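A.B. asks: Here it is, the structure, as structure tokens.
Have a look at this one:
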């Protein structure tokens, strides 16, 4: 598969992730919002780093997975800290 085709596929994947985040992110809880935004940012970072080595698609996929997992954890922690009762 050519490099141009990989970049096109990865770009379409990022576009789809961005549209999904914009569509579904507005009504979600903090963990889901964190997962969506973390996955999008991770995919962008992974795409950029992966393109340096010629593996933009794999980099975007790995970045999306790691970013999504990190976003879930951070979003959940933010939600928990916001619901604490302070006396």
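Numbering (this note's numbering), first residue to last: 178 to 264.
In this text, a Cβ means the ideal position worked out from N, Cα and C, and glycines have one as well.
Everything numeric in this text was worked out from a predicted model, so none of it was measured.
Since residue 255 is in the alpha helix (DSSP H), which residue starts that stretch and which ends it?
C.D. replies: Taken as a continuous stretch (DSSP letters only), the alpha helix (DSSP H) holding residue 255 covers 233 to 259.
A.B. asks: If contact is defined by three or more beta carbon pairs under 8 angstroms, each pair taking one atom from either stretch, is the stretch 247 to 254 in contact with the stretch 222 to 238?
C.D. replies: no
A.B. asks: Using a Cβ-Cβ cut-off of 7 angstroms (strictly less than) and excluding sequence neighbours within five positions of residue 239, which residues of its own chain qualify?
C.D. replies: 223
A.B. asks: At the level of alpha carbons, what is the spacing between residue 237 and residue 210?
C.D. replies: 19 angstroms
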